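Have a look at the structure below before the remarks.
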Amino acid sequence: MNFSYKQIWLIAYPILISLLMEHMINVTDTSFLGHVGEVELGASALAGVLYMAIYMLGFGFSIGAQILIARRNGEQKYGEIGGIFMQGAFFLLALATVMFFLCDYITTHILGRLISSDQVYAAAASYLEWRRYGLFFSFIAILFRAFYIGITETRTLTLNSVVMVLSNVVFNYILIFGKFGFPALGIAGAAIGSSLAELVSLLFYVVYTWLKVDKKKYALFQRFAFRLSEFKRIWSISCWTMLQSILFPSQWFLFFIAMEHLGERSLAIANIMRSINTCFFMVIFAFADTASSMVSNLLGSGKDKSEIRLVCRRVIKLTYLIGIPFLLLSALFPTALLQIYTNNEDLVQAALPTTYVMLVGYFLSAPGLVLFNAVSGTGNTNQSMRIMLMTIAVYVVYVVVMVMYFKVDVAVAWTSEYIYGGMLLLLSYFYLRNRDWNKHI
54 MNFSYKQIWL IAYPILISLL MEHMINVTDT SFLGHVGEVE LGASALAGVL
104 YMAIYMLGFG FSIGAQILIA RRNGEQKYGE IGGIFMQGAF FLLALATVMF
154 FLCDYITTHI LGRLISSDQV YAAAASYLEW RRYGLFFSFI AILFRAFYIG
204 ITETRTLTLN SVVMVLSNVV FNYILIFGKF GFPALGIAGA AIGSSLAELV
254 SLLFYVVYTW LKVDKKKYAL FQRFAFRLSE FKRIWSISCW TMLQSILFPS
304 QWFLFFIAME HLGERSLAIA NIMRSINTCF FMVIFAFADT ASSMVSNLLG
354 SGKDKSEIRL VCRRVIKLTY LIGIPFLLLS ALFPTALLQI YTNNEDLVQA
404 ALPTTYVMLV GYFLSAPGLV LFNAVSGTGN TNQSMRIMLM TIAVYVVYVV
454 VMVMYFKVDV AVAWTSEYIY GGMLLLLSYF YLRNRDWNKH I
């Protein structure tokens, strides 16, 4: 098993397309609710962040399952993949059930204390009341995603994401505004529409897998009994990736808290930069996810460290090759880019220095996240957890010192991304170069 540049791209680009499509869902939801009212728009953002935090728990677990599926695929032990899938499905359904009922407590005791406006709270509670049903669908759908990435058949992700986006647009349009005889449900309609789109996504995966995948080869849909020994193997990998999925976005929460201390203008600039940066990070995440699956597949097929490192270098080069043209366009026309987000000319001019700082950060974040995911792909997710903890610790100290003590402006504060990407790069590179990481899982 070898991965050329072409093969890497053929695996990575469907993941990238699926990430872009998922981003489009957020854009359309925001656009629709923006026509309903400011209360609904703000409430959906707050409730959406909470839903995403819950979703990331399931996503983190699926990453561990993906690593194991990729390893078995590389070992050509295809018959064990179905067992991993089914045990993962049992756990994710149980987790979805727990979080479904926990949403009531979260809405009352957490959102109720964090949100000062009664109107915003009522709208957010209405959104979560219906949005939580989507957990049952989305948690199993991300397990299918893990399966297809693990066996390196990622084209299915593109098809699924297109189906999901189209479904989301149709359902939200009908239910938010009350079209074709349906009542206008506003923010509740957005939640119901998104949950229904996740159901359609899951049904697509089930039907496609049933019709197109060799179910006998992978022993899919055959083992409907819970097996503790199999689950323990998955849990030994997934417990760490679940924690990572919670910790990873925490850096942004801490950063925005720090930006608030610099004033409203700095916070506004940071928010715009975060949105732009997300677009570039989609490229990085797509290739980083690819690297994780490839490393696990290669280790399963018995390849040595030199071939693993070769693939990592190729993935990093492709991440640069795809990202740099967009970086150059953004650097040449930063004003046009910023005007997508605001028509306030003073804000645009104030954001220009931070834009350049943000763009340069790609050159550290890309190799840093690719190598970090390669460490996870070895199965040593406890080690990748240590790397993340050390990185976040240094990152937090840097942000606190620079913002709280030196009171730097937002452009200088954004260099904290250099610290984050650089730490991931150095620690992951050191681990892959010097440690014995060919773990049996």
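So the number in my numbering is just where the residue sits in the sequence shown, counting from 1, plus 53.
Built from N, CA and C at the ideal position, the CB exists for glycine as well.
Note that the coordinates shown come from a computational prediction; the quantities given were computed from them, not determined experimentally.
Next item on the list: Assuming L69 and A118 form a contact by the criterion Cβ under 8 Å, report the distance between their Cβ atoms to the nearest whole angstrom.
Entry: In the sequence shown, the residue the question calls residue 69 occupies position 16. In the sequence shown, the residue the question calls residue 118 occupies position 65. Rounded, the Cβ-Cβ distance is 21 Å, inconsistent with contact.
Note to self: Need the endpoints of the alpha helix (DSSP H) that D157 sits in, please.
What the structure shows: Within the sequence shown, the letter at position 104 stands for residue 157. Per DSSP, D157 belongs to the alpha helix (DSSP H) from 134-158.
Item checked: Whole-Å CB distance - L412 paired with M443, under 8 Å assumed -> Counting from 1 along the sequence shown, the entry for residue 412 is found at position 359. Counting from 1 along the sequence shown, the entry for residue 443 is found at position 390. Actually they do not touch by this definition, with Cβ atoms about 26 Å apart.
Next item on the list: Take A241 as the anchor and find which of Q129, F279, G101 has the nearest alpha-carbon.
Entry: Residue 241 sits at position 188 when you count from the first residue of the sequence shown. Ranking Q129, F279, G101 by Cα distance to A241 puts G101 first.
Item checked: Q275, DSSP secondary structure in three states -> Counting from one through the sequence shown, the residue named residue 275 turns up at place 222. Looking at Q275 - three-state DSSP - the assignment turns out to be coil, as it is neither helix nor strand.
Note to self: For the segment 374-390 against the segment 431-446, do three or more pairs of beta-carbon atoms, one drawn from each stretch, fall closer than 8 Å, so that the two count as touching?
What the structure shows: no
Next item on the list: Please list the segments of the alpha helix (DSSP H) lying wholly inside the segment 428-461, counting only runs of 4 or more residues, in order along the chain.
Entry: 434-452
Note to self: Spatial neighbours of P67 within its chain, please: C-beta separation below 6 Å, excluding the five flanking residues on both sides.
What the structure shows: Within the sequence shown, numbered from 1, the residue matching residue 67 stands at position 14. If we look at P67 and ignore the five residues flanking it on each side, its Cβ neighbours are T207, R208, L210, T211.
Note to self: Does the structure place the segment 148-159 close enough to the segment 181-194 that three or more beta carbon pairs sit under 8 Å?
What the structure shows: Under the three-pair Cβ rule at 8 Å, the segment 181-194 counts as touching the segment 148-159.
Item checked: Proximity winner among R124, V253, L155, C156, relative to F200 (alpha-carbon distances) -> Here residue 200 corresponds to residue number 147 of the sequence shown, with the count starting at 1. Of R124, V253, L155, C156, the residue nearest in Cα terms is R124.
Next item on the list: Put Y186 into one of helix, strand or coil per three-state DSSP.
Entry: Numbered from its first residue, the sequence shown carries residue 186 at position 133. Coil at Y186, not helix or strand.
Margin query: Using the three-state DSSP reduction, which class does W467 fall into: helix, strand or coil?
Written below: As a working mapping, residue 467 is identified with position 414 in the sequence shown. Three-state DSSP puts W467 in coil, outside helix and strand.
Notebook entry, point to check: Using 8 Å as the Cβ pair cut-off and three pairs as the minimum, do the segment 152-171 and the segment 88-104 touch?
Noted result: yes
Next item on the list: Give every residue of the same chain whose Cβ lies closer than 7 Å to the Cβ of V463, excluding the five residues on either side of it in the sequence, and list them in chain order.
Entry: The residue labelled residue 463 in the question sits at position 410 within the sequence shown. M312, L315, S319, I322, A323, T407.
Next item on the list: Write down the C-beta distance between M217 and A250 rounded to the nearest angstrom, noting that I regard them as a contact closer than 8 Å.
Entry: The residue labelled residue 217 in the question sits at position 164 within the sequence shown. The residue labelled residue 250 in the question sits at position 197 within the sequence shown. Yes, M217 and A250 are in contact; Cβ-Cβ is about 5 Å, under 8 Å.
Notebook entry, point to check: Going straight from the alpha carbon of F143 to that of F279, what length do you get?
Noted result: What you label residue 143 is simply residue 90 of the sequence shown in a count that begins at 1. What you label residue 279 is simply residue 226 of the sequence shown in a count that begins at 1. When rounded, the distance between both Cα atoms is 7 Å.
Margin query: Tell me the rounded alpha-carbon separation between S169 and A96.
Written below: The residue given as residue 169 occupies position 116 in the sequence shown. The residue given as residue 96 occupies position 43 in the sequence shown. Their backbone Cα atoms lie some 12 Å apart in a straight line.
Next item on the list: Would you check if the distance between the CB atom of W293 and the CB atom of M438 is smaller than 8 Å?
Entry: In the sequence shown, residue 293 corresponds to position 240, counting from 1. In the sequence shown, residue 438 corresponds to position 385, counting from 1. Taking 8 Å as the cut-off, the beta carbon of W293 is found closer than this to the beta carbon of M438.
Notebook entry, point to check: Using the beta-carbon count (16 or more within 10 Å), is N55 buried or exposed?
Noted result: The count along the sequence shown starts at 1 and reaches residue 55 at position 2. Exposed: under 16 other Cβ atoms inside 10 Å.
Item checked: Own chain, CB closer than 7 Å to M295, minus 5 neighbours either side, in chain order -> Counting from 1 along the sequence shown, the entry for residue 295 is found at position 242. Here the set comprises L110, G113, F114.
Note to self: Can you look up N397 in the DSSP assignment and give me helix, strand or coil?
What the structure shows: Within the sequence shown, the letter at position 344 stands for residue 397. Residue state, collapsed to three classes: coil.
Next item on the list: Locate the alpha helix (DSSP H) running through K59, then write down its first and last residues.
Entry: Within the sequence shown, the letter at position 6 stands for residue 59. Run containing K59: 58-87, per the alpha helix (DSSP H) assignment.
Check: Counting pairs of beta carbons, one from the segment 121-138 and one from the segment 78-89, are three or more of them closer than 8 Å?
Finding: no
Check: What is the DSSP secondary structure of V368, counted as helix, strand or coil?
Finding: Within the sequence shown, the letter at position 315 stands for residue 368. Looking at V368 - three-state DSSP - the assignment turns out to be helix.
Next item on the list: State the start and end residues of the unbroken alpha helix (DSSP H) segment that holds T294.
Entry: For the purposes of this step, residue 294 is taken as the residue at position 241 of the sequence shown. Note, T294: alpha helix (DSSP H), 281-300.
Check: Beta carbon of F529, beta carbon of V452: below 8 Å?
Finding: The structure shown does not extend to residue 529, since the chain is modelled only from 54 through 494, so no value can be given for it.
Notebook entry, point to check: How is H162 classed by DSSP in three states: helix, strand or coil?
Noted result: Within the sequence shown, numbered from 1, the residue matching residue 162 stands at position 109. Three-state DSSP puts H162 in a helix.
Check: Could you give the residue range of the alpha helix (DSSP H) that holds D342?
Finding: Translated into the one-based positions of the sequence shown, residue 342 becomes position 289. Per DSSP, D342 belongs to the alpha helix (DSSP H) from 317-353.
Next item on the list: Alpha carbon to alpha carbon, how far is L181 from M152? Give it in angstroms, no decimals.
Entry: Stepping through the sequence shown from its first residue, residue 152 is reached at position 99. Stepping through the sequence shown from its first residue, residue 181 is reached at position 128. Each residue's Cα considered, the two are about 12 Å apart.
Note to self: Our contact map puts T81 next to N221 with C-beta atoms below 8 Å; I'd like the distance itself, whole angstroms only.
What the structure shows: Position 28 of the sequence shown, counted from the start, is the residue given in the question as residue 81. Position 168 of the sequence shown, counted from the start, is the residue given in the question as residue 221. Their Cβ separation, rounded to whole angstroms, is 6 Å, which keeps T81 and N221 in contact under 8 Å.
Notebook entry, point to check: Since V423 contacts C365 with CB under 8 Å, what's their CB separation in whole angstroms?
Noted result: Counting from 1 along the sequence shown, the entry for residue 423 is found at position 370. Counting from 1 along the sequence shown, the entry for residue 365 is found at position 312. With a Cβ gap of about 6 Å, V423 and C365 count as contacting.
Margin query: Could you tell me the alpha carbon to alpha carbon distance between Y409 and A384, rounded to whole angstroms?
Written below: Here the question's residue 409 lines up with position 356 in the sequence shown. Here the question's residue 384 lines up with position 331 in the sequence shown. When rounded, the distance between both Cα atoms is 7 Å.
Next item on the list: Can you tell me the Cβ-Cβ gap for I287 and I107, rounded? I've got them flagged as a contact below 8 Å.
Entry: The count along the sequence shown starts at 1 and reaches residue 287 at position 234. The count along the sequence shown starts at 1 and reaches residue 107 at position 54. Not confirmed; about 20 Å, so no contact.
Notebook entry, point to check: What distance in whole Å lies between the Cβ atoms of L228 and I245, which are believed to be in contact at a cut-off of 8 Å?
Noted result: Position 192 of the sequence shown, counting from 1, holds the residue named residue 245. Position 175 of the sequence shown, counting from 1, holds the residue named residue 228. That belief holds up - the Cβ atoms of I245 and L228 are roughly 5 Å apart, short of 8 Å.
Next item on the list: Round the Cβ separation of Y271 and A194 to the nearest angstrom and send it over; I've been treating them as touching at under 8 Å.
Entry: For the purposes of this step, residue 271 is taken as the residue at position 218 of the sequence shown. For the purposes of this step, residue 194 is taken as the residue at position 141 of the sequence shown. That pair is no contact at about 18 Å.
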